[in-house]
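J.: Those protein sequences? They're chains A and B, same order as listed.
So the first sequence is residues 71 to 514, counted in the numbering used here.
So the second sequence is residues 71 to 514, counted in the numbering used here.
This structure is in C-alpha cells; I'll ask about it shortly.
2 protein chains.
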Amino acid sequence: MEKNKEKTGVAVLGCGTVGGAVVKILTTQQDILKARHKMELQLSYIVDIDFTRAEALHIDKKLFCPDIETVLKDDSVGIVVELIGGTTIAKEYIERSLKAGKKIVTANKALLAHHGNELLALAREQGSCIAFEASCAGGIPIIRALLDGLVVNRIDAIYGIVNGTSNYILSAMTMDSLPYSTALKEAQEAGLAEADPTLDVEGIDSGHKLAILTSLAFGKRIDFKKIPIEGIHTLDICDIEYGRELGYVIKLLAIAQKQEKGICVYVRPAFISMEHPLAWVSGPFNAVSVYGHATGHTMYYGRGAGGDPTASAIIADIYQAATGITSTLFASVNLWPDRAENAVQLSRMDFKSRYYIRLTLDDKPGVLAKIAEKFGKHTISISSVLQQELHPDSDIQEGVPVIITTHPAVEGSVLAALKEVNKLDVTKAESVCIAILDEYIEKI
Amino acid sequence: MEKNKEKTGVAVLGCGTVGGAVVKILTTQQDILKARHKMELQLSYIVDIDFTRAEALHIDKKLFCPDIETVLKDDSVGIVVELIGGTTIAKEYIERSLKAGKKIVTANKALLAHHGNELLALAREQGSCIAFEASCAGGIPIIRALLDGLVVNRIDAIYGIVNGTSNYILSAMTMDSLPYSTALKEAQEAGLAEADPTLDVEGIDSGHKLAILTSLAFGKRIDFKKIPIEGIHTLDICDIEYGRELGYVIKLLAIAQKQEKGICVYVRPAFISMEHPLAWVSGPFNAVSVYGHATGHTMYYGRGAGGDPTASAIIADIYQAATGITSTLFASVNLWPDRAENAVQLSRMDFKSRYYIRLTLDDKPGVLAKIAEKFGKHTISISSVLQQELHPDSDIQEGVPVIITTHPAVEGSVLAALKEVNKLDVTKAESVCIAILDEYIEKI
C-alpha cells in the first residue's frame, strides 16, 4: 500500500445515474466502506453542470464544482473518476487529469474502445494509470479476472452477454413469445431501455465492451471498426421458436474466438445450446464465459448495468488505484493494448461456424434437391432439415418454412450459397441465416 | 511492483496432481507466462519424498530436494507454495517458511478452515502474507472477487456449489436417474471421486471452503466446528424426482446467509429452483453466487478441482505475492479473519427456510388432518401437499408417499413437528426433510 495516502481525495466527473450512485456510497455508506477497507476515501469534488441527482442525496453544496480547473489544481485529489460518457469532453478531461498527475477511474466503454490505446499510453508516459472495471459488465469483476485471477492462461475464447437491455428484450421474446417491438416497449417501461435504444439493441455497446475484453484477454490491439456488429432489432420471433425446438436459445453474443487464421471477433444474435450456462442468463443479467488453457471454462455472471452495481466496480477501482494495485498491474502485466501488437481480426467471410438457415420454399417434390445442390457446390455440409408448419404470426404469403442446420462451414461460402438459393424460383422469400455457437472445446 | 525482484524464486512443496501441474506450467509453459506477465518466476526447488510426477515431466533433477531446510536457507526463494495437504506437516512447513521470511501460497482448505486465523496472524507478525485463491473452487478467482472486486459490498449471502465430486454424482442421479451408489461408482471410474470419497460426499470439503469464503465475505471469524454439515450419501433418488416435479433441482449447497439473529452457515443437499443459475451447474463444475448490497447477485463458475485449473489459481497467487499485491491487500482490506471478531453462527435449530417433506402415510381418510394438526401446533404453514404414486424403485412396503412443502419456518419447529408425525400410527416410515433454498432477495 502506498504510504502517506491513508486518505485519498476523489473527484467525480459527471453525476448521472452511475455518478449519483458513486456519490451516494462515498457519502452515505462510509460505515460499510470503513468496515471493509482501511483506506479512507474522501469525496472532494463533484463536477457537473446538473446537480439534481447530487442535490437529491443532500450532498454538501461545497462539493459542487462547475469546472475541472479546481480539481486539476488540488493536489489532495489523487483520483479522478470520469463518468461523463462520450468521446469528446470525457477524453479531454481524462487527458488533462493524467497530465495533472491524477489516476483515472472510468466506466466509459465507448471512449476506451475508440481511444483506449492512446489514453493508456498517455497514462504510462505520465507515470499514472487507468482503471476501468466498470466499463464492461457493470458490477462483475471481469477485467480483474483477466488481468489477475486468470493471468496465467492463454485465453482461447470469450463468449459474452454484455448488454442487459438486449438480453432483457430477447428473454421476453423467448419466454413470453413477444415480438421485438412489444418486448422493446416493455423494456422501456421497465426503465431498462433508453428512449433511443440504438446503442444497445444494434449491438454497438456490446461491441465496445467486446473490444476492451478481447484486447486484455488476448493481449492484442483490437480495431473496433473491424468488428462485425449486428443487433437484435431485425430478429423474427419465429426463428426464436424454431431454434428452441432444436434445443437452442438466441442471445446477443459478443464473441472472440481463436480460429486457424486469426481471431474471430463479432457481436450478433446467435443460437447457443440450452446446455451452455449462458443460455440461462436471462432478463437484464450479463455473463462472460472465458476459456483459458489451464482453467478451462470459467463464467462470470451479474448485473451489467445500473447505478449501484456499476458504482461497486468504480469504488473497487478507486481503492485499487489508491492502494497502488492498479499501478502494479499496469507495470507488471503484459496484456495492456497500448503496448501490444495488432490482433489478426478475421473478416466475417472467414468466420467458421455452424448455421441455422430458414428458407421459404415451394412445397413441391424436388425442391430440396435443388437447395442441397447449391449447398453442396459451396462445400457446405447439411446437418439437419426440418420442414415447419407456418408460424401463426407469420407474414409468409406463399411457400413453407424449411429450417436447415449446417455442419461447421465458412461464412463466406454460406452467404454465397444463400445468394444463389435466394435467386431460385422455388424460393419464395429472403432466407434468414443465424450462426449457431457451439460450446468451445476446452483445451485443458 | 516491488523493485529488484524481476526474477522470483519459487519452491513447490508437494508434487502430486496439483503440484505437478504447477511445475509443468512453470517449466514447460514459460512462453505463455512471459507473454502475459513481466515478472519472471524461477522454479528453484521441488520438495517431496516422491518425485514420480516431476520425473515424468523430465524436470531437472537438481530441483529435487528431499527436505525443507535448503529452501528455508536460500534467500533467492521468495515464495513457498504449500501443496502437501493435511494439517500437520503442511502447517509446520508454512510456519517455518513464514519465520524464514517467505511469502506463502497454498491450496490447503482444511488447514485454513482449522488454523487459518493462527497462520494469518503469524504471517502478519512476520511482515509476510498468505495467498490462497486455490483453496476454494479451483481455477475460479472467487477469493479475489471477495477481497478486491466486490470489496465495496456488504455481503448478505453466499450460495455455493464448491465440491465437484458431489456435484458430478448429483448431476448423474438427477439427469440419468441413477441411485447414489451407481453414480458414485461412475464418478470413481471417471477419476472424479477418490476410492474413499468421504471428504467429498459427506460435505466436509465443502465445509472447509465455506468457512474460508464466509470469513472473507462477512469479515468475521467462522468456527468450522459449528458448521452443520450433511452429505449426499443418504439421498434417495425418489426425492430428487419428486423435487423435480415441483420445479427444484437438488444440489450440495454451501450456504452463508444473514438472518435476523445471526449468520446461517451450513452445508447440505438442498433444493433450489430451476430458475436459479446454480441449478444449471452440472457435472464436475463449481459455482459461487454472492449477494452484495451494491452489485446484487453475481456468480462465479468454473472447474473447482483438477491439476491445471488449480495450478492457474496458484500461479496467479505467486504473481500476486511476487508483485506485492497480496501484501497490499493484506494490509489494506479489513476482512481478514485473523483480525476479525467471531461471527454469530446460528445453530441448525434456528435456521429459517422452506422445506420439502416426504411422509409415508396410510392411504385413508382423515390422515392428512392429523398431519396438518401437528404442523399447525408448531406454527408451520403448509404451502402444498401432493400425494405421489409409489416410485418404481421404492422400498416402501406400506403407505403412500405424500410430499409437503412448507412456507418459511424455523428448522427446530419443523424437526419437532416431524418427530411427532413419525410417532403417529398413520406414519409408515421415517419422514424425509430437505431444505428448499429460495433465491436470495437482492437488497439493491
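Heads up, the beta-carbon is just placed ideally off N, CA and C, and yes, glycines get one too.
Just so you know, these numbers come straight off a predicted model, no measurement behind them.
Of the residues that make up the segment 199-221 of chain B, which ones have a beta carbon closer than 9 angstroms to any beta carbon in chain A?
T.: Listed by position along the chain: E203, G208, G209, I210, P211, I212, I213, R214, A215, D218, G219, L220, V221.
J.: So for B/F445, helix, strand or coil by DSSP?
T.: Reading the second sequence from its first residue, position 375 is the one you call residue 445 of chain B. Helix, per DSSP.
J.: Whole alpha helix (DSSP H) runs in the segment 240-320 of chain B with 4 or more residues, listed along the chain?
T.: You should have 250-259, 268-271, 274-288, 307-315.
J.: Where do the N-terminal and C-terminal ends of the beta strand (DSSP E) with B/D145 fall, by residue?
T.: As a first step, residue 145 of chain B is located in the second sequence; it is residue number 75 there, counting from the start. From DSSP, B/D145 is part of no beta strand (DSSP E); its letter is neither H nor E.
J.: Taking B/I95 as the query, report the chain A residues whose CB atoms sit under 7 angstroms from its CB, ordered along the chain.
T.: Walking along the second sequence from the start, residue 95 of chain B turns up at place 25. Going along chain A in sequence order, the residues near B/I95 (Cβ under 7 angstroms) are V222, A364.
J.: Any beta-carbon of chain D closer than 9 angstroms to the one on B/F445?
T.: Here chain D cannot be found, since the structure's protein chains are A and B.
J.: Name the residues in the segment 101-131 of chain A whose C-beta lies less than 7 angstroms from a C-beta of chain B; which are they?
T.: So the close ones are I102, L103, A105, R106, H107, K108, M109.
J.: With DSSP as the reference, label B/L438 as helix, strand or coil.
T.: In the second sequence, the residue the question calls residue 438 of chain B occupies position 368. Note: B/L438 maps to helix in three-state DSSP.
J.: Could you work out which residues of chain A lie near B/W406, taking near to mean beta carbons separated by less than 7 angstroms?
T.: If you number the second sequence from 1, residue 406 of chain B lands on position 336. Those within 7 angstroms of B/W406 in chain A number zero; the least Cβ separation is about 11 angstroms.
J.: If we ignore side chains and look at the alpha-carbon of each, how far apart do A/F202 and A/T244 end up?
T.: As a first step, residue 202 of chain A is located in the first sequence; it is residue number 132 there, counting from the start. As a first step, residue 244 of chain A is located in the first sequence; it is residue number 174 there, counting from the start. Whole-angstrom Cα-Cα distance: 33 angstroms.
J.: Within this structure, are the beta carbons of B/V93 and B/I231 separated by less than 9 angstroms?
T.: Here residue 93 of chain B is taken as the residue at index 23 of the second sequence, counted from 1. Here residue 231 of chain B is taken as the residue at index 161 of the second sequence, counted from 1. No, they are not a contact pair.
J.: If the cut-off is 8 angstroms on Cβ atoms, which residues from the segment 367-391 of chain A count as contacting chain B, listed in chain order?
T.: Listed by position, the residues of the segment 367-391 of chain A near chain B (Cβ gap below 8 angstroms) are H367, T368, M369, Y370, Y371, G372, R373, G376, D378, P379, A381, S382, A383, I385, A386, Y389, Q390.
J.: Given 8 angstroms as the limit, tell me if A/M344 has its C-beta closer than that to any heavy atom belonging to the ligand COA.
T.: In the structure shown, the ligand COA is absent, as is every other ligand, since no ligand is present at all.
J.: Can you tell me which of the three DSSP states B/L153 falls into?
T.: Within the second sequence, numbered from 1, the residue matching residue 153 of chain B stands at position 83. B/L153: coil per DSSP, three-state reduction.
J.: Does any residue of chain B bring its CB to less than 9 angstroms from the CB of A/F341?
T.: Counting from 1 along the first sequence, the entry for residue 341 of chain A is found at position 271. By this cut-off, A/F341 is not an interface position.
J.: Is A/L456 closer than 9 angstroms to A/E315 when the C-beta atoms are compared?
T.: The residue you call residue 315 of chain A lines up with position 245 of the first sequence. The residue you call residue 456 of chain A lines up with position 386 of the first sequence. In contact: A/E315 and A/L456 (Cβ atoms closer than 9 angstroms).
J.: In the DSSP assignment, find the beta strand (DSSP E) that holds A/G362 and state where it starts and stops.
T.: Counting from 1 along the first sequence, the entry for residue 362 of chain A is found at position 292. From DSSP, the beta strand (DSSP E) with A/G362 extends over 355-362.
J.: Check the DSSP bridge columns for A/F134 and list the partner residues they point to.
T.: The residue you call residue 134 of chain A lines up with position 64 of the first sequence. Per DSSP, A/I116.
J.: For a test of the three-state rule: what should DSSP assign to A/K108, helix, strand or coil?
T.: On the first sequence, position 38 is the one that residue 108 of chain A refers to. Residue state, collapsed to three classes: coil.
J.: Taking A/S402 as the query, report the chain B residues whose CB atoms sit under 8 angstroms from its CB, ordered along the chain.
T.: Position 332 of the first sequence, counted from the start, is the residue given in the question as residue 402 of chain A. Residues of chain B passing the Cβ test: M71, H107, K108, M109, Y389, T393.
J.: From B/I441 to A/S236, what does the alpha carbon distance come to, in whole angstroms?
T.: In the second sequence, residue 441 of chain B corresponds to position 371, counting from 1. In the first sequence, residue 236 of chain A corresponds to position 166, counting from 1. Rounded to whole angstroms, B/I441 to A/S236 spans 49 angstroms at the Cα level.
J.: How about A/L438 and A/V221: do their beta carbons lie closer than 9 angstroms?
T.: Position 368 of the first sequence holds residue 438 of chain A. Position 151 of the first sequence holds residue 221 of chain A. Not a contact, by the Cβ cut-off of 9 angstroms.
J.: Going along the segment 284-297 of chain B in order, which residues come within less than 8 angstroms of chain A, judged by CB to CB distance?
T.: Flagged, chain order: G289.
J.: Grouping DSSP H, G and I as helix and E and B as strand, with all else coil, what is A/K73?
T.: As a first step, residue 73 of chain A is located in the first sequence; it is residue number 3 there, counting from the start. Bear in mind that a pLDDT of 46 at A/K73, under 50, signals an unreliable position, so the model cannot answer this.
J.: Using DSSP with H/G/I as helix, E/B as strand and the rest coil, what is A/E500?
T.: In the first sequence, counting from the first residue as 1, residue 500 of chain A sits at position 430. Of the three classes helix, strand and coil, the one that applies to A/E500 here is strand, per DSSP.
J.: Using a Cβ cut-off of 7 angstroms, pull out every chain A residue sitting near B/T398, in sequence order please.
T.: As a working note, residue 398 of chain B is residue 328 in the second sequence. Those within 7 angstroms of B/T398 in chain A are M71, T393, G394, I395.
J.: Using 9 angstroms as the threshold, is the C-beta distance between A/E481 and A/T430 below it?
T.: For the purposes of this step, residue 481 of chain A is taken as residue 411 along the first sequence, with counting starting at 1. For the purposes of this step, residue 430 of chain A is taken as residue 360 along the first sequence, with counting starting at 1. Contact: no.
J.: In or out: B/L190 buried (at least 16 other Cβ within 10 Å) or exposed?
T.: In the second sequence, residue 190 of chain B corresponds to position 120, counting from 1. Buried, because 16 or more other Cβ atoms sit within 10 Å of the Cβ of B/L190.
J.: Report yes or no: do three or more beta-carbon pairs, one from the segment 268-275 of chain B and one from the segment 400-416 of chain B, lie closer than 8 angstroms?
T.: Contact fails: fewer than three Cβ-Cβ distances are below 8 angstroms.
J.: With 16 other CB atoms within 10 Å as the buried threshold, where does B/R409 fall?
T.: Counting from one through the second sequence, the residue named residue 409 of chain B turns up at place 339. So B/R409 counts as exposed.
J.: Going by the beta-carbon positions, is the gap between B/Y510 and B/A227 smaller than 9 angstroms?
T.: Within the second sequence, numbered from 1, the residue matching residue 510 of chain B stands at position 440. Within the second sequence, numbered from 1, the residue matching residue 227 of chain B stands at position 157. The answer is yes: Cβ separation under 9 angstroms.
J.: Among the residues of its own chain, which have a CB less than 7 angstroms from the CB of B/P478, if the five just before and after it don't count?
T.: If you number the second sequence from 1, residue 478 of chain B lands on position 408. Cβ neighbours of B/P478 beyond the five flanking positions: K422, S423, R424.
J.: Starting from the beta carbon of B/P347, find every residue of chain A whose beta carbon is closer than 8 angstroms, and list them in chain order.
T.: Here residue 347 of chain B refers to the residue found at position 277 of the second sequence. Chain A residues near B/P347: P347, W350, V351, Y371.
J.: Going by CA-CA distance only, name the one from A/D420, A/K498, A/A487, A/T393 that's closest to A/K77.
T.: As a first step, residue 77 of chain A is located in the first sequence; it is residue number 7 there, counting from the start. Checked all of A/D420, A/K498, A/A487, A/T393; the closest Cα to A/K77 is A/T393.
J.: Is the CB of B/A413 under 9 angstroms away from at least one CB in chain A?
T.: As a first step, residue 413 of chain B is located in the second sequence; it is residue number 343 there, counting from the start. Taking Cβ atoms only, chain A never reaches closer than 9 angstroms to B/A413, which makes this a no.
J.: Which same chain residues end up closer than 8 angstroms to B/G446 when comparing Cβ atoms and leaving out the 5 residues on each side of it in sequence?
T.: As a working note, residue 446 of chain B is residue 376 in the second sequence. If we look at B/G446 and ignore the five residues flanking it on each side, it has no Cβ neighbours.
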